[in-house]
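A short worksheet on the structure shown next.
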Amino acid sequence: MYLETVESKWPDLDSNDLILDRSYSKIFKATYYTRDEIPKDHLPYGLIHNRMKYSKQSPELNSTDTPNDIDPKEWAREIYADAIKYITEPTNPDRVFQWYHDFIVLTNLQIAFHNYYNVESKSTNIFMNIVNRLLDWFLGRELINSEAELESLSLYVGNQTRNLRSYVSKSSHLLIELLIETISIDQCKILCYRIMPQLFACTGSEKSVFREPAIKNLKLIAARFSKNFDEEILWLLMDQTLNLNKKISSVATSCAFEYLTLTDKKDLDSLDLVKLIDYFELGLNPKTVDAKRGHKKIMAKMSDILSDKKYASYLNELSLRPTLAKFTKTELPSDLN
Numbered sequence: 259m260y261l262e263t264v265e266s267k268w269p270d271l272d273s274n275d276l277i278l279d280r281s282y283s284k285i286f287k288a289t290y291y292t293r294d295e296i297p298k299d300h301l302p303y304g305l306i307h308n309r310m311k312y313s314k315q316s317p318e319l320n321s322t323d324t325p326n327d328i329d330p331k332e333w334a335r336e337i338y339a340d341a342i343k344y345i346t347e348p349t350n351p352d353r354v355f356q357w358y359h360d361f362i363v364l365t366n367l368q369i370a371f372h373n374y375y376n377v378e379s380k381s382t383n384i385f386m387n388i389v390n391r392l393l394d395w396f397l398g399r400e401l402i403n404s405e406a407e408l409e410s411l412s413l414y415v416g417n418q419t420r421n422l423r424s425y426v427s428k429s430s431h432l433l434i435e436l437l438i439e440t441i442s443i444d445q446c447k448i449l450c451y452r453i454m455p456q457l458f459a460c461t462g463s464e465k466s467v468f469r470e471p472a473i474k475n476l477k478l479i480a481a482r483f484s485k486n487f488d489e490e491i492l493w494l495l496m497d498q499t500l501n502l503n504k505k506i507s508s509v510a511t512s513c514a515f516e517y518l519t520l521t522d523k524k525d526l527d528s529l530d531l532v533k534l535i536d537y538f539e540l541g542l543n544p545k546t547v548d549a550k551r552g553h554k555k556i557m558a559k560m561s562d563i564l565s566d567k568k569y570a571s572y573l574n575e576l577s578l579r580p581t582l583a584k585f586t587k588t589e590l591p592s593d594l595n
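At position 286 of the sequence shown (counting the first as 1) the number is 544 in the numbering used here, and the numbers step up by one without a gap.
What follows is the structure, encoded as structure tokens:
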């Protein structure tokens, strides 16, 4: 399959990125898609194990190589199965590996997940459409078939977020964005538990191609789980508020603040206050100067974040900690002390 010389138009790439990527890509043209542009009828590079199938650039297209007459979910399942095989299959010593194989897999996965969750069936059989929707609803059918696949996918996409080839890194962040917004909340939990450390590592980078999309995805995680509160997500955020890298701790405190303020008060009634206050106590420690401001901002907002009963328990716990008791007395509004 002929692929044109690369010419990146992605604004997040600086001059060094472009030089590196051009040296990697003499005959490969990397294409990114906005959500509205994700293909519904072809793959730009074909399947990873059959580069001619579904590719518009293939001269051999025929009725068996186009998804026009296939239900979007079935097409998405085929694309996904092809990609997950690449991710999970044992390394064959005879396999010829090129860096752009990862880019193709990440791009195809974006197309698969978008078409599976967001594209209506083209079938004119109304009855079958209804049956398929009911089956999906009752059975909770997801594109990711098993916990093992979810673990493999999470590990793979997380590892690609800091790929030195900027095209691959950017594509991994785009896929993560799509996954956060589309897969079930239970699968999203596992995904986020696995990828958040890598995303935070990206926020500490000097390279905007790593940092900016990672910040965006961490904020998406905070927004999604504010509607489905998960305490472990909060602790993963709070862990990083203590990071000695000020870029990382700044992003973490911002995301933790958004997460707590967006979450409904009743969903925080079972929150482990002792553990949260432990983080606050460490965050006000002189050794973590860059985290102080963010922790103080969260603490000052706790009266709005928690229910009245929970907030009373919170203040009682604060009073048992000398450092925090002093902060409460001197920096919180007097009517809340």
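Here a beta-carbon is modelled for each residue, glycine too, at the ideal position from N, C-alpha and C.
Exposure of residue i, with buried meaning 16 or more beta-carbon neighbours within 10 Å
i      : result
GLU318 : Only weak support is given to the placement of GLU318: the predicted model assigns it a pLDDT of 43, under 50, and the question is left unresolved by the model.
ASN366 : buried
ILE438 : buried
SER424 : buried
ASP501 : It is worth fixing the name first, because residue 501 is Asn in this sequence and not Asp. Counting Cβ neighbours within 10 Å, ASN501 comes out buried, since at least 16 surround it.
ALA406 : exposed
PHE396 : Residue confidence for PHE396 is low, a pLDDT of 47 falling below 50, so the modelled location carries little weight; the figure read from the coordinates is stated next. Label assigned to PHE396: exposed.
ASN574 : exposed
ASP340 : buried
ILE443 : exposed
LYS555 : exposed
HIS553 : buried
PRO348 : exposed
ARG469 : buried
LEU422 : exposed
SER577 : exposed
ALA514 : buried
ALA549 : buried
PHE355 : exposed
VAL363 : buried
SER404 : exposed
THR511 : buried
LYS311 : buried
HIS307 : exposed
Distance between beta carbons of residue j and residue i, contact taken as under 8 Å
i      : j      : result
SER565 : LYS524 : 7 Å
TYR374 : PRO302 : Contact flag wrong, Cβ pair sits at about 18 Å.
LEU520 : SER484 : 4 Å
GLN418 : SER410 : At roughly 13 Å, the Cβ-Cβ gap does not stay under 8 Å, so GLN418 and SER410 are not in contact.
LEU529 : GLU489 : 7 Å
LEU436 : PHE371 : 5 Å
LEU615 : TYR290 : There is simply no residue 615 to check, as the chain begins at 259 and stops at 595 in what is shown.
VAL467 : TRP357 : No, VAL467 and TRP357 are not in contact; Cβ-Cβ is about 15 Å, not under 8 Å.
ILE434 : ASN475 : 5 Å
ILE448 : LEU408 : 5 Å
GLN445 : GLY416 : No, GLN445 and GLY416 are not in contact; Cβ-Cβ is about 14 Å, not under 8 Å.
THR461 : VAL509 : 4 Å
ALA481 : PHE361 : That belief does not hold up - the Cβ atoms of ALA481 and PHE361 are roughly 28 Å apart, past 8 Å.
ASP527 : LYS559 : The pair is not a contact, with the Cβ atoms about 17 Å apart (cut-off 8 Å).
GLN498 : PHE458 : 5 Å
LEU518 : ILE563 : 5 Å
ILE369 : PRO471 : Not really, about 19 Å apart at Cβ, beyond 8 Å.
LEU492 : MET454 : Incorrect: roughly 11 Å between the Cβ atoms, too far for contact.
Reduced DSSP category for residue i - H, G, I as helix; E, B as strand; rest coil
i      : result
SER442 : coil
LEU573 : helix
SER313 : strand
LEU449 : helix
LEU411 : helix
LEU542 : coil
LEU436 : helix
LEU301 : strand
GLN356 : coil
TYR344 : helix
PHE585 : helix
HIS307 : coil
THR419 : coil
VAL264 : Note that VAL264 scores a pLDDT of 36, beneath 50, so its modelled location is shaky; the value from the coordinates is reported in the next line. DSSP places VAL264 in coil when its eight states are reduced to three.
ARG551 : helix
LEU288 : Sequence check: residue 288 is Ala here, not Leu. Here ALA288 sits in coil by DSSP.
LEU529 : coil
SER565 : coil
ASN403 : coil
ARG579 : coil
ASP329 : coil
ILE506 : helix
LYS524 : helix
ILE337 : helix
ILE296 : coil
LYS559 : coil
Length-filtered (4 minimum) alpha helix (DSSP H) runs lying within the region 459–502 | Taken in chain order, the unbroken stretches of alpha helix (DSSP H) that lie wholly in the region 459–502 and span 4 residues or more are 466–484 and 489–499.
Decide if the region 574–588 is in contact with the region 539–546; the criterion is three or more beta carbon pairs, one per stretch, under 8 Å apart.
-> Here the region 574–588 lies against the region 539–546, with 3 or more beta-carbon pairs under 8 Å apart.
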